[in-house]
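Last residue of the sequence shown: 303 in my numbering, with the numbers rising by one and none dropped. Where a beta carbon is used, it is the ideal one built from N, C-alpha and C, also for glycine. Here is the structure we will look at, set down as structure tokens.
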Amino acid sequence: MPIPYVPDGLNGAGAPLSFPGASGRGGRRVCPCLLEWAVRVILKSQREIEAIRRSGRLAREVLEHLGSMVRPGITTLELDEEAYRRITAAGAVPSPLNYNGYPKSICTSINEVVCHGIPERRALREGDIINIDVTANLEGFHGDCSKTFLVGEVSPAAAKLVDVTRECLDAAIRIVAPDVPLGEIGNVIHGIAARHGYGVVDEFCGHGIGRNFHEPPSIYHFRNDRSKKRMKPGMVFTIEPMINEGVAGTRVLADGWTAITLDEKLSAQFEHTIAVTDDGRDVLTALDGESATWA
Ligand code: MF3
Ligand code: CO
Ligand code: CO
């Protein structure tokens with residue numbers, strides 16, 4: 009399915025990208041993930057948050073398993089098949105499969121691929137970096153997470169990009185609390201990335217999540233004052249910065265999904281699903297004992 013271009017006026021309140029961001033490129037293109045956005049922010053009850061945690065845990069366990077399989081020679085198709093097996097064996101559905109026509113169960117984004125790389129019969133090579141993005145729908149609720157893994161030994165530049173991208177996500181998660189403007193997330197991420205001369209992707213964003221894979225609010229990863237809306241207990245959203253070694257701009261390949269960097273330099277990404285609580289945050293895709301990371 010081609011990426012839709014949304015004319016002015018249709019790209020309304022919930023949809024982002026109607027203004028120039030970090031790349032200064034107008035940002036008229038809208039990710040197909042944004043087609044479900046005709047609804048307002050849906051605050052979740054504690055029961056619903058626990059349900060999202062169950063799908064988030066499953067997605068994370070599958071993600072960790074796939075990460076352990078990453079090595080030179082394995083194909084992204086093999087990773088996809090393993091994800092399908094594990095998610096369905098747990099009684100869940102891989103959320104991406106058939107989502108707006110997406111053909112596979114996970115996204116596998118190698119090197120210059122920013123996001124939405126489609127698993128295929130291509131083997132990983134020593135020195136690659138690969139983002140694996142896993143989303144599971146268990147009992148009607150989605151949980152979404154991703155990590156960038158190193159294939160064997162990678163260049164110091166690639167390792168640094170991956171480390172800084174992880175730092176961007178962790179720093180953004182630490183500020184999540186009631187009354188914080190949503191736009192602060194992008195300010196924190198942009199501040200860290202810019203110190204290293206990296207580009208912050210502004211053509212794809214984080215999103216609310218729950219019974220919908222993607223719903224409001226939009227979570228921008230670049231510096232912006234458009235998200236004056238404040239965080240509220242019961243909001244559940246992803247933060248998923250895509251950080252580029254070079255320019256921020258992206259283009260989508262003819263398959264209608266695969267987004268790559270305009271300069272074909274590396275891009276890395278990490279993602280968690282997070283609930284806003286009465287006094288802070290609850291990372292619903294965390295493993296046991298991991299929450300100290302964001303204390
Ligand atoms: N998991 C991606 C996200 O973080 C969305 C993938 S949509 C797909 O929002 F259709 F490409 F799978
Ligand atoms: Co997401
Ligand atoms: Co994701």
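Taking 7 Å as the cut-off, the beta carbon of residue 196 is found no closer than this to the beta carbon of residue 282. Here DSSP, grouped into helix, strand and coil, assigns residue 229 to coil.
Residue ranges of uninterrupted alpha helix (DSSP H) with 4 or more members, entirely inside the region 138–204 and ordered along the chain, are 164–182, 191–203.
Of all alpha-carbon atoms in 286, 236, 175, 151, the one lying nearest the alpha-carbon of residue 220 is that of 151.
Residue 259 sits away from residue 274, with the two beta carbons spaced by 7 Å or more. Taken from the Cβ of residue 84, every heavy atom of ligand 3 lies 6 Å or farther away. The distance from the Cβ of residue 159 to that of residue 126 is about 18 Å, inconsistent with a contact at the 8 Å cut-off.
As the crow flies, the alpha-carbon of residue 301 is around 10 Å from that of residue 291.
As far as DSSP is concerned, residue 249 takes part in no beta bridge. Sequence-distant partners of residue 253 (beyond 5 residues in either direction) whose C-beta falls short of 6 Å from its own C-beta, in its chain, are 169, 273, 274. For residue 63, the enclosing alpha helix (DSSP H) has its first and last residue at 54–77. Counting along the chain, the unbroken beta strand (DSSP E) around residue 268 starts and ends at 267–269. According to DSSP, residue 283 shares a beta bridge with 244, 290. Straight-line spacing of the CA atoms in residue 64 and residue 213 works out to 19 Å. If you check the CB distance, residue 83 and residue 130 come in under 7 Å.
When C-beta atoms of the region 193–208 are compared with those of the region 223–230, three or more pairs fall below 8 Å, so the two segments count as touching. Of the residues assessed, residue 235 falls on the buried side of the cut-off, its CB having 16 or more other CB atoms within 10 angstroms. Only residues of its own chain outside the window of five on either side were considered, and among them 64, 67, 68, 71, 142, 279, 280, 281, 293 have a CB closer than 7 Å to the CB of residue 153, listed in chain order. For residue 293, the distance from the CB to the nearest heavy atom of ligand 2 is not below 6 Å. Around the CB of residue 223, 16 or more other CB atoms lie within 10 Å, so the residue is classed as buried.
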